[in-house]
Amino acid sequence: MRPRVPLSIVVAAVLLAAAWLDPAAMARAVPIVTRHAPTAVVWTAPCAIAAAAIGGVSISGAVAGTLVGILVLAGAGWPAWWLLGLTFLATTIATRIGASRKTAMGIAEPRQGRRGAGGIVANTAVAAGAALLIAADPGDAMSRVMFAAALVTAGSDSVASEIGKAWGGATRVIWTGRRVPPIT
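The sequence shown begins at 2 in the working numbering and counts up by one.
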């Protein structure tokens, strides 16, 4: 078996590389994010606490989610923050659909569906990086597309996986059609 690098480490490395490749954009983004951070903390921290209270995230997930939420709200504004929240809500609901069946089959998310920091970072780091790019250049449409695409991709993957585990039939490899165990 080949060792695997956690996706969160890969995503963090990509973001660090982006900051290194375009330090001017990051330098423009920092004062904007810093100026809006207090408001972002006031709105994001209670949401993260509520997410942990309802069992949507672990404590580490709440901390990571708070940091991502602050970057998104402070960097990209309210519409982006609401999209982040809707993505979280959709994935949390999808995780709970058919939870008892998924648990009985041994394919339920660990920690009773609570997302940890690694999952939060893996699913939202690209969006957080795009939020910084939006702060650096609010008129750049590509940064906004990158933000939306990152969340839609991560959210739709999670929702589809959870719904498939809850109600899906035979699991098959898409390019060969061969049957495999669920979540392969």
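Ideal placement from N, C-alpha and C gives every residue a C-beta, glycine not left out.
Between the segment 28-35 and the segment 50-65, do three or more beta carbon pairs fall short of 8 Å?
no
Note down the Cα distance separating A188 from P24, rounded to an integer number of angstroms.
Here the chain comprises residues numbered 2 to 185, so residue 188 is not present and cannot be evaluated.
How would you write the range of the alpha helix (DSSP H) that G178 sits in, first residue to last?
Counting from one through the sequence shown, the residue named residue 178 turns up at place 177. G178 -> no alpha helix (DSSP H), and no H or E assigned at all.
Our contact map puts V69 next to T154 with C-beta atoms below 8 Å; I'd like the distance itself, whole angstroms only.
Here residue 69 refers to the residue found at position 68 when the sequence shown is read from its first residue. Here residue 154 refers to the residue found at position 153 when the sequence shown is read from its first residue. V69 to T154, Cβ: 15 Å. No contact.
Among the residues of its own chain, which have a CB less than 7 Å from the CB of T92, if the five just before and after it don't count?
By 1-based counting over the sequence shown, the position of residue 92 is 91. Here T92 has G156, S159 and V160 as same chain residues with Cβ atoms under 7 Å from its own Cβ, once five neighbours each way along the sequence are excluded.
By DSSP's criteria, R173 is part of a beta bridge. Which residues make up the other side?
In the sequence shown, the residue the question calls residue 173 occupies position 172. R180, per the DSSP bridge assignment.
Which stretch, first to last residue, makes up the alpha helix (DSSP H) that contains D24?
Taking the sequence shown and counting its residues from 1, the one referred to as residue 24 is at position 23. In the sequence on display, residue 24 carries Pro and not Asp. P24 to A54 is the span of the alpha helix (DSSP H), which, as asked, contains P24.
In its own chain, which residues sit with a C-beta less than 7 Å from the C-beta of A131, not counting the 5 before and 5 after it?
Counting from 1 along the sequence shown, the entry for residue 131 is found at position 130. So the list reads S144, M147, F148 and A151, once near-sequence residues are dropped.
Under the DSSP definition of a beta bridge, which residues are partnered with V58?
Taking the sequence shown and counting its residues from 1, one reaches residue 58 at position 57. In the DSSP output, where bridge partners are listed per residue, V58 has R116.
I believe A171 touches I98 by the beta-carbon criterion, under 8 Å. Please report the beta-carbon distance rounded to the nearest angstrom.
For the purposes of this step, residue 171 is identified with residue 170 of the sequence shown, where counting begins at 1. For the purposes of this step, residue 98 is identified with residue 97 of the sequence shown, where counting begins at 1. Not a contact, Cβ separation roughly 19 Å.
Given a cut-off of 8 Å, decide if A49 and L134 are closer than it, judged by their beta-carbon atoms.
For this step, residue 134 is matched to residue 133 along the sequence shown. For this step, residue 49 is matched to residue 48 along the sequence shown. Not a contact, by the Cβ cut-off of 8 Å.
Give me the Cβ distance between L74 and W82, rounded to the nearest whole Å; I'm assuming they're in contact under 8 Å.
In the sequence shown, counting from the first residue as 1, residue 74 sits at position 73. In the sequence shown, counting from the first residue as 1, residue 82 sits at position 81. Yes, L74 and W82 are in contact; Cβ-Cβ is about 4 Å, under 8 Å.
Can you give me the C-alpha to C-alpha distance between I55 and R173, rounded to a whole angstrom?
Start at 1 with the first residue of the sequence shown, and residue 55 comes out as number 54. Start at 1 with the first residue of the sequence shown, and residue 173 comes out as number 172. Between I55 and R173, the C-alpha separation is close to 34 Å.
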